[in-house]
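J.: I have a structure I would like to understand better, so I am pasting it below and will then ask my questions one at a time.
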Amino acid sequence: MGRPDDDIRDHRHRHDFQKEEEEELDELEDQYDDLISAGVDNNQMASTAEATRAFRAAQEQEQE
344 MGRPDDDIRD HRHRHDFQKE EEEELDELED QYDDLISAGV DNNQMASTAE
394 ATRAFRAAQE QEQE
């Protein structure tokens, strides 16, 4: 069992991480809602996401 201050530090770290994850999820949900409101359908989003992943992979290969 860890020291009490280590346990508190671990708890705060987990709490901060969870808070960051929730904020990122909220932001992604807002972006999704904006895209749906703009008339973008799920197929368009999927193809855009696929193109974005391919583009980023190509950029990473160029940097190596």
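Just so you know, we're using my numbering here: the sequence shown kicks off at 344 and counts up by one. All C-beta atoms in this analysis are idealised placements derived from N, C-alpha and C, irrespective of residue type, glycine included.
1. Can you tell me whether residue 381 is helix, strand or coil according to DSSP?
2. Leaving out the 5 sequence neighbours to the left and right, which residues in its chain are closer than 8 Å to residue 363 when beta-carbon positions are compared?
3. Only counting the same chain, and skipping five residues up and downstream in sequence, which positions put a Cβ closer than 6 Å to that of residue 391?
4. My output table needs one value for residue 407: the three-state DSSP class, helix, strand or coil.
T.: Looking at the coordinates:
1. Reduced to three states, the DSSP call for residue 381 is coil.
2. So no residue of the chain qualifies.
3. Taken in chain order, the list of residues that qualify is empty.
4. DSSP places residue 407 in the coil class of the three-state scheme, outside both helix and strand.
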